[in-house]
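Here's the structure we're looking at; comments come further down.
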Amino acid sequence: MLGPVILAASRSDRMRRLVSAAPVTKQVVDRFIPGEDVEDIVPVIRSLAEQGLELTMDVVGEDITSPAQAAAARDAYLELIDRLKPLELGTRAEMSVKLSMFGQALAGGHELALANVRPVVEAAAEIGTTVTLDAEDHTTLDSMFAIHEELRKDFPQTGCVIQAYLFRTEADARRLAASGSRVRLVKGAYKEPASVAYQEKHEIDRAYVRILRTLMKGKGYPMIGSHDPRLIAIGQELAHQAGRKPDEYEFQMLYGIRAEEHLRLAAEGHRMRVYTAYGTDWYGYFMRRLAEKPANLRFFARSVITRG
Ligand SMILES: Cc1cc2nc3c(=O)[nH]c(=O)nc-3n(C[C@H](O)[C@H](O)[C@H](O)COP(=O)(O)OP(=O)(O)OC[C@H]3O[C@@H](n4cnc5c(N)ncnc54)[C@H](O)[C@@H]3O)c2cc1C
1 MLGPVILAAS RSDRMRRLVS AAPVTKQVVD RFIPGEDVED IVPVIRSLAE
51 QGLELTMDVV GEDITSPAQA AAARDAYLEL IDRLKPLELG TRAEMSVKLS
101 MFGQALAGGH ELALANVRPV VEAAAEIGTT VTLDAEDHTT LDSMFAIHEE
151 LRKDFPQTGC VIQAYLFRTE ADARRLAASG SRVRLVKGAY KEPASVAYQE
201 KHEIDRAYVR ILRTLMKGKG YPMIGSHDPR LIAIGQELAH QAGRKPDEYE
251 FQMLYGIRAE EHLRLAAEGH RMRVYTAYGT DWYGYFMRRL AEKPANLRFF
301 ARSVITRG
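Numbering-wise, full-length UniProt numbering puts 9 at position 9 of the sequence shown, and it's gapless, one number per residue.
Quick look at the structure:
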């Protein structure tokens, strides 16, 4: 089972240094993270939008250690929003944020993260778009949901993410569906213990379907965050059963993964949003992508051996 080993490595500073210094790393990283700064990413945004795709933008970075870094993360999003403004994409380009990057794990982190994320949500609203709060490891979620609820008082379109692998998520989904929230459902990408999360793929997939049914029947806006062809087909069927029109739910996938499927769904008239990450602190994001598919790791290892 390579996945859990890679996820453990994603928390290791030694591995971070090794992987970041490997000569071919950048080339493999580019598949998932198509830029290091806002200058790189604007042409990518334009190109995806021209292909009929929508976007959610993630400035990568999570393990910050000071309030100054949290403020810098906030400013990076504000700069991005500033650059998005003239493109006039409205909700076709929204933001995804990790509250850890806004200071959630520091002393007084809950208040700090809320104070840092609020201006980003306000700036997004000013250009006619919105923000979704990503879900990180299970210890952070009560704070994330509380911040989500707080932000929704002024910005009801603020979204959040729920993870099918967690036992708690069915109850979270019922609450969020009743309150009419925008909710992205994903399987879950962190290493979680058996005390809080399903460990087997078939259990996670079954939970995903149960939760998606709740979201589709509810009052909110479901966002199906998965590349899994079976879950995508089930999502379409559940939306149909719930009488939802194509603009009453959407699909979301990660940049660099099953790109042909992004275009197929968009061509069929679905709202298809591509989660597009950029930035220099890509290590954690990259390692989670390796963990999701061991073939990625084999490709990475082969590149290191043949070039290194
Ligand atoms: C838009 C979006 C946002 C997300 N946000 C979060 C979040 O906030 N919190 C969180 O915990 N997780 C998040 N995730 C990650 C998610 O939890 C899963 O880890 C990830 O989506 C893989 O699960 P899957 O549903 O695609 O199904 P899987 O069964 O893992 O994959 C189905 C198929 O998709 C392809 N595939 C999937 N992953 C990869 C990959 N890395 N490389 C190459 N091919 C791949 C393969 O063909 C695979 O067979 C997000 C995922 C998406 C799509």
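Cβ atoms here follow ideal geometry from the backbone N, Cα and C, with glycine treated the same way.
C-alpha distance - residue i paired with residue j, whole-angstrom precision
| i | j | result |
| --- | --- | --- |
| Ile64 | Val19 | 19 Å |
| Gln236 | Ala107 | 43 Å |
| Leu238 | Arg14 | 45 Å |
| Glu152 | Phe299 | At residue 152 the sequence reads Arg, which differs from the Glu that was named. Their backbone Cα atoms lie some 42 Å apart in a straight line. |
| Glu36 | Val44 | 12 Å |
| Ser12 | Gly243 | 47 Å |
| Gly284 | Thr169 | 23 Å |
| Ala124 | Thr56 | 12 Å |
| Ile127 | Ile232 | 31 Å |
| Leu80 | Ala277 | 12 Å |
| Ser143 | His262 | 32 Å |
| Ala78 | Ala295 | Note on identity: in this sequence residue 78 is Leu, with Ala being the wrong assignment. Each residue's Cα considered, the two are about 36 Å apart. |
| Ala105 | Asp154 | 25 Å |
| residue 384 | Glu200 | What the structure shows of the chain is the stretch from 1 to 308, and residue 384 is not part of that stretch, so it cannot be assessed. |
| Val161 | Glu260 | 24 Å |
| His270 | Tyr249 | 9 Å |
| Arg264 | Leu141 | 34 Å |
| Thr130 | Phe251 | 16 Å |
Local conformation of residue i per DSSP, three classes
| i | result |
| --- | --- |
| Asp37 | coil |
| Leu166 | strand |
| Tyr190 | coil |
| Leu176 | helix |
| Val183 | strand |
| Ala8 | helix |
| Gly308 | Residue placement at Gly308 is flagged as unreliable, the pLDDT there being 43, under the threshold of 50; the coordinate-derived value follows with that caveat. If DSSP states are grouped into helix, strand and coil, Gly308 belongs with coil. |
| Thr158 | coil |
| Ala146 | helix |
| Val19 | helix |
| Val131 | strand |
Where residue i falls, given that 16 or more other Cβ within 10 Å makes a residue buried
| i | result |
| --- | --- |
| Val117 | buried |
| Ser66 | exposed |
| Asp58 | buried |
| Lys187 | buried |
| Arg74 | buried |
| Pro34 | buried |
| Asp172 | buried |
| Gln27 | exposed |
| Val5 | exposed |
| Ala164 | buried |
| Glu111 | exposed |
Expected contact under 8 Å - CB spacing of residue i and residue j to nearest Å
| i | j | result |
| --- | --- | --- |
| Asp134 | Val183 | About 12 Å separates the two Cβ atoms, so there is no contact after all. |
| Ala113 | Leu99 | 4 Å |
| Ala49 | Arg92 | 6 Å |
| Val120 | Met95 | 7 Å |
| Gly159 | Met223 | 7 Å |
| Arg288 | Ala189 | 5 Å |
| His138 | Leu166 | 6 Å |
| Gly180 | Gly220 | 5 Å |
| Val29 | Trp282 | 6 Å |
Residue i at chain C interface by Cβ criterion, 8 Å
| i | result |
| --- | --- |
| Glu268 | Protein chain content of the structure displayed is limited to a single chain, and chain C is not contained in it. |
Residue i CB to nearest heavy atom of ligand 2 below 7 Å
| i | result |
| --- | --- |
| Thr65 | Ligands in the displayed structure: ligand 1; ligand 2 is not one of them. |
Taking only runs of the beta strand (DSSP E) that begin and end inside the stretch 216-257, which ones reach a length of at least 3 residues, in chain order? 221-225, 250-254
Problem - Ranges of the beta strand (DSSP E) found wholly within the stretch 263-296, counting only runs of at least 3 - result: 272-278
- Query: Along the chain, which unbroken stretches of the beta strand (DSSP E) at least 3 residues long are found entirely within the stretch 53-106?
  - Reply: 54-59, 93-97
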